[in-house]
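There are 2 protein chains.
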Amino acid sequence: MHDPKELKNAGLKATLPRLKILELFETSEQRHLSAEDIYKIMITNGEDVGLATVYRVLTQFEQAGLLVRHHFESGKAVFELNEGSHHDHIVCVQCGHVEEFCNEEIEKLQHKVAEDRGFKIHDHSLYIYADCIKTSCPHKN
Amino acid sequence: MHDPKELKNAGLKATLPRLKILELFETSEQRHLSAEDIYKIMITNGEDVGLATVYRVLTQFEQAGLLVRHHFESGKAVFELNEGSHHDHIVCVQCGHVEEFCNEEIEKLQHKVAEDRGFKIHDHSLYIYADCIKTSCPHKN
DNA sequence: GTTTGTGCAAACCATTTGCACGGAT
DNA sequence: ATCCGTGCAAATGGTTTGCACAAAC
């Protein structure tokens, strides 16, 4: 199980569903998970959780800065751990495969564009950038 | 009204809803429109159209390469005219305001990242890139 | 014991689909 | 006469909400 302190720091009671969901993000191979993904995994693990709770917890985690929400292509939102370091995404438009990458030059150029246009970059925000490249990838689905 | 040729070229019959919707994109101040946006405008203009038709036409236009679909932040998709020239988007996370920009350097860097990772860029695709910067902007909602 | 979180079911919103009618060829 | 496109209503899929019960402090 997971250390409850992380949750307390975020001002959230350390309840079972919250601990489990946070743990899931920290141990899963897949970095990007949807509410449905999480729900299914938990049910499979024999935990008695409701889909509504999963949605509520994910939103709370997002607001607390523990997770970042993305929308990519599909109709459904996916979440990933917010580890501070900003990164971009490459998304395959054919199979949905997602890869992450960091590129300082791109970041700098983007910041410059935003500033030139009077946009404010707030460093505390999780949402400063969330770029994704959409293309086709060499992975089979 | 609009020139039917553009539709014929795309292999689509020049019907009234299609002509009107295409015209809307070419004359509207707002470049980015949702299905709901379009439906409301048409109803207001006294046209007898169904929301389902709007969705169908938008999808057809996307497949025909006339429009590009984006997902940005909100739960709803928005569309814009596909004018060939690729551009990125800055989206304000507070008011939803969208601006477009082109930056050759960013494009090159992104292409390089994708190629280095074995992703294939298909030039005929509308979806090669659709990056957006999410930040807060100086515009009131 | 009080507050806060939870599961369930119903509600909601964007989008899609089935179907019978209507218009173009 | 056939084919395709349309409007409407119903279905769908992701997400949210109301409420009574249960868990955390």
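Quick mapping for you: the protein sequence lines, in order, are chains A and B.
Counting in the working numbering, the first sequence runs from 1 upward without gaps.
Counting in the working numbering, the second sequence runs from 142 upward without gaps.
Here a beta-carbon is modelled for each residue, glycine too, at the ideal position from N, C-alpha and C.
All of these numbers come straight from a predicted model, not from anything done at the bench.
- Message: Quick check on B/LYS249: buried or exposed, where buried means 16 or more other Cβ atoms within 10 Å of its Cβ?
- Response: A residue is called buried when at least 16 other Cβ atoms come within 10 angstroms of its Cβ; B/LYS249 does not meet this threshold and is exposed.
- Message: Which residues in chain B have a C-beta closer than 9 Å to the C-beta of A/HIS71? List them in chain order.
- Response: The answer, in chain order, is HIS212, PHE213, GLU214, SER215, GLY216.
- Query: Is it a yes or a no for the segment 39-50 of chain A touching the segment 12-27 of chain A, going by three-plus beta-carbon pairs under 8 Å?
  - Reply: The segment 39-50 of chain A, when compared against the segment 12-27 of chain A, does touch it at the 8 Å Cβ threshold.
- Query: Nearest to B/ARG258 by CA position, among A/LEU24, A/PHE101, A/GLY118, is which residue?
  - Reply: Just measuring C-alpha positions, the residue of A/LEU24, A/PHE101, A/GLY118 sitting nearest B/ARG258 is A/PHE101.
- What separation, rounded to the nearest whole angstrom, lies between the Cα atoms of A/GLY65 and A/ALA10? Taking the CA atoms as reference points, A/GLY65 sits about 8 Å from A/ALA10.
- Task: Determine the DSSP secondary structure at B/ARG291, reduced to helix, strand or coil.
- Result: The structure shown does not extend to residue 291 of chain B, since chain B spans only 142 to 282, so no value can be given for it.
- Do you know whose CA, among B/CYS236, B/GLU256, B/GLN235, B/ILE231, lies nearest B/ASN244's CA? The residue with the shortest Cα to Cα distance from B/ASN244 is B/ILE231.
- Which residues in the same chain have their Cβ closer than 8 Å to the Cβ of B/LEU165, if we skip the five residues on either side of it in sequence? Cβ-Cβ distances below 8 Å link B/LEU165 to LEU174, ILE179, ILE182, MET183 in the same chain, with the five nearest sequence neighbours on each side left out; the list follows chain order.
- Item | Beta-bridge partners of A/VAL57, as assigned by DSSP | None, per the DSSP bridge assignment.
- Which of helix, strand or coil DSSP assigns to A/TYR127: Low confidence applies here, because A/TYR127 scores a pLDDT of 34, under 50, leaving its location unreliable; read the following figure in that light. For A/TYR127, the three-state secondary structure derived from DSSP is coil.
- Query: Who are the Cβ neighbours of A/LYS61 in its own chain at under 6 Å, not counting the five residues just before and after it?
  - Reply: Going by the sequence as given, residue 61 of chain A is Phe instead of Lys. Only LEU67 meet the Cβ criterion.
- Message: Here's a check: name, in chain order, each residue in its chain whose Cβ is nearer than 7 Å to the Cβ of B/ASP264, leaving out the five neighbours to either side.
- Response: Because B/ASP264 carries a pLDDT of 45, less than 50, the predicted location of this residue cannot be relied on, and no value is offered for it.
- Query: Residues of chain A with CB under 8 Å from B/GLN204, in chain order?
  - Reply: Going along chain A, no residue has its Cβ under 8 Å from B/GLN204, so there is no contact; the nearest lies around 13 Å.
- Message: So the candidates are B/GLU256, B/VAL219, B/LYS154; which of them puts its Cα closest to the Cα of B/ALA176?
- Response: Selected option, being the one with the closest Cα: B/VAL219.
- Message: Just verifying my parser: in three-state terms, what is the DSSP assignment at A/LYS13?
- Response: DSSP places A/LYS13 outside both helix and strand once states are collapsed to three, so it counts as coil.
- Query: Where does B/CYS233 land, buried or exposed, given buried means 16+ other C-beta within 10 angstroms?
  - Reply: Buried.
- In the DSSP assignment, find the alpha helix (DSSP H) that holds B/LEU207 and state where it starts and stops. Where B/LEU207 is concerned, there is no enclosing alpha helix (DSSP H), because DSSP gives it neither an H nor an E.
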